[in-house]
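Undergrad: I am attaching a structure below and will ask some questions about it afterwards.
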Amino acid sequence: MRVLYGASPDDIKTYDTDRLRQAFLIEDLFREGQVNFVYTHVDRLILGGAVPVTSPLGFGSGEDIGTPCLLSAREMGIANLGGAGSVTVDGETFDLGNRDVLYVGRGAQALEVRSADPEQPARFYMNSVPAGADHPHRLITRAESKLLELGEENRSNKRKLRMYIHPQVAPSCLLLMGITDLAEGSVWNTMPPHLHERRMEAYCYFGMGAEDRVIHLMGRPDQTRNLIVANGDAVLSPAWSIHMGAGTGPYAFVWGMTGENQEYNDVTPVAVADLK
């Protein structure tokens, strides 16, 4: 399990491109036939990727984090960004289609993921955060998610945001998770940029062409920095950082949040004219 330690807003003033990417950009999560995890000290979020092909992949040991099982004191969201697949949690199997999300509650011991068709493997993306309450495992299909239509076509930021792990859809302790798709012809996400000092966030960008990139803007409003992001890359967004981005082609992203509350609108907007 790779470990990232985070940084303060004062630190990144001196970062070059390589150092910024090392601290906030997570590449190569999705490798065929492997499960990969990254542990970040930014609110102790764990990000994971798993691509089972011909054989199922199992995980659940807590050895790397000092607990009996990975989810002994954690909850997890698992989004399927690929072909049809399934997740088995302590013997109970859930079938996930593309853009379905499974909530796994605290205390789960053994997990196994598999693809329905090795020629079109599932791509499982995971967020796990510390949890102080028990909630039952639950599959949330795309049809069961709560849809919000946001943005304006003439400002190139029209998008559909779907809430999956959210108090209004599927309860959890502290984890929030959803998927945002941009409308055809739109490029900007998360507009206007904003801060939420009581929560951090992570993004996994997907659905992109091999030649395309998203320019992800981060940092304090008066000290912005950028990351160039490829398909399947994830980005950490600390509570002190804005987040917004624009793509060179179609893309979508999974967003996951944790922190002091689950109030999705507990944000401080930042005017674009005030960015530097």
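If you number the sequence shown the way this note's numbering does, the last residue is 276 and the count never jumps. Where is the CB? At the ideal position from N, CA and C, for every residue including glycine.
#1: Taking only runs of the beta strand (DSSP E) that begin and end inside the segment 119-180, which ones reach a length of at least 3 residues, in chain order?
#2: At the level of alpha carbons, what is the spacing between T14 and Q22?
#3: Going by Cα to Cα distance, which pick from E32, S72, M191 is closest to T268?
#4: In angstroms with no decimal places, state the Cα-to-Cα distance between D117 and F94.
#5: Apart from the five residues on each side of it in sequence, which residues of its chain come closer than 8 Å, Cβ to Cβ, to G60?
#6: Nearest CA to the CA of I140: which residue from D100, E149, L175?
#7: With DSSP as the reference, please indicate the residues paired to E75 in a beta bridge.
#8: From this set, E149, V104, V38, which residue's C-alpha is nearest D90's C-alpha?
#9: For V38, which beta-bridge partners are listed by DSSP?
#10: Going by the DSSP bridge assignment, what does D95 pair with across the sheet?
#11: So if DSSP puts F24 in a beta bridge, which residue, or which two residues, is it bridged to?
#12: Taking the CB atoms as reference points, tell me whether R159 and E149 lie closer together than 9 Å.
#13: State the DSSP-derived secondary structure class of T268, mapped to helix, strand or coil.
#14: Ignore the nearest five residues each way along the sequence and tell me which others in G249's own chain have a CB closer than 7 Å to its CB.
#15: Per DSSP, M244 is paired with what?
#16: Determine which residues share a DSSP beta bridge with E112 and list them.
#17: Nearest-angstrom Cα distance between I46 and T224?
#18: Check the C-beta distance from V42 over to M200 and give it rounded, since I have them as a contact under 8 Å.
#19: Name, in chain order, the residues that DSSP records as bridge partners for L195.
#20: Check this for me: beta carbons of W188 and M244, under 9 Å apart or not?
#21: Thinking C-alpha only, which one of D266, L236, L161 is nearest I26?
#22: Which two residues bound the contiguous beta strand (DSSP E) that contains V187?
#23: Does any C-beta atom of chain D lie closer than 9 Å to the C-beta of T54?
#24: Figure out for me which residue from S86, W255, I215 has the closest Cα to the Cα of T17.
#25: Which residues in the same chain as D266 place their Cβ atom closer than 8 Å to its Cβ, once the five residues preceding and following it in sequence are excluded?
#26: My understanding is that R106 touches A122, with C-beta atoms under 8 Å, so please give their C-beta distance in whole angstroms.
#27: Hey, I65 and Y125: beta-carbon distance below 9 Å or not?
TA: On the basis of the data shown:
#1: 124-130, 138-140, 146-150, 159-165
#2: In the sequence shown, counting from the first residue as 1, residue 14 sits at position 14. In the sequence shown, counting from the first residue as 1, residue 22 sits at position 22. C-alpha separation (whole angstroms): 14 Å.
#3: Here residue 268 refers to the residue found at position 268 of the sequence shown. If we check each option's Cα against that of T268, M191 comes out closest.
#4: As a first step, residue 117 must be located in the sequence shown, where it is residue number 117. As a first step, residue 94 must be located in the sequence shown, where it is residue number 94. Near 16 Å, if we compare the C-alpha coordinates of F94 and D117.
#5: For the purposes of this step, residue 60 is taken as the residue at position 60 of the sequence shown. Within the same chain, G60 has close Cβ partners C69, L70, L71, A108, Q109, A110, L111.
#6: Counting from 1 along the sequence shown, the entry for residue 140 is found at position 140. Of D100, E149, L175, the residue nearest in Cα terms is D100.
#7: Sequence index remark: in the sequence shown, residue 75 carries index 75 (1-based). According to DSSP, which records beta bridges pairwise, E75 is partnered with V129.
#8: To locate residue 90, count along the sequence shown from 1; it is residue 90. The option with the nearest alpha carbon to D90 is V104.
#9: In the sequence shown, residue 38 corresponds to position 38, counting from 1. DSSP output for V38 lists R2, L47 as bridge partner(s).
#10: Walking along the sequence shown from the start, residue 95 turns up at place 95. Paired residue(s): S86.
#11: In the sequence shown, counting from the first residue as 1, residue 24 sits at position 24. In DSSP, F24 forms no bridge with anything.
#12: Within the sequence shown, numbered from 1, the residue matching residue 159 stands at position 159. Within the sequence shown, numbered from 1, the residue matching residue 149 stands at position 149. A contact, by the Cβ cut-off of 9 Å.
#13: Stepping through the sequence shown from its first residue, residue 268 is reached at position 268. It is a strand residue.
#14: Residue mapping note: residue 249 aligns to position 249 of the sequence shown, counting from 1. Here the set comprises M208, G209, D212.
#15: To locate residue 244, count along the sequence shown from 1; it is residue 244. Looking at the DSSP assignment, M244 forms a beta bridge with L217.
#16: Translated into the one-based positions of the sequence shown, residue 112 becomes position 112. Bridge partners of E112: G58, T88.
#17: What you label residue 46 is simply residue 46 of the sequence shown in a count that begins at 1. What you label residue 224 is simply residue 224 of the sequence shown in a count that begins at 1. So the two alpha carbons sit approximately 25 Å from each other.
#18: Translated into the one-based positions of the sequence shown, residue 42 becomes position 42. Translated into the one-based positions of the sequence shown, residue 200 becomes position 200. Contact holds; Cβ gap of about 5 Å.
#19: As a working mapping, residue 195 is identified with position 195 in the sequence shown. Note: L195 sits in a beta bridge opposite T268.
#20: In the sequence shown, counting from the first residue as 1, residue 188 sits at position 188. In the sequence shown, counting from the first residue as 1, residue 244 sits at position 244. Contact: yes.
#21: Here residue 26 corresponds to residue number 26 of the sequence shown, with the count starting at 1. Taking only the C-alpha atoms, the option nearest I26 is L236.
#22: As a first step, residue 187 is located in the sequence shown; it is residue number 187 there, counting from the start. Note, V187: premise wrong, no beta strand (DSSP E); not H, not E.
#23: This model lacks chain D altogether; it includes just one protein chain.
#24: As a first step, residue 17 is located in the sequence shown; it is residue number 17 there, counting from the start. Minimum Cα distance to T17 is reached at I215.
#25: The residue you call residue 266 lines up with position 266 of the sequence shown. Here the set comprises H196, R198, R199.
#26: Counting from 1 along the sequence shown, the entry for residue 106 is found at position 106. Counting from 1 along the sequence shown, the entry for residue 122 is found at position 122. About 24 Å; that fails the 8 Å criterion.
#27: Here the question's residue 65 lines up with position 65 in the sequence shown. Here the question's residue 125 lines up with position 125 in the sequence shown. Not a contact, by the Cβ cut-off of 9 Å.
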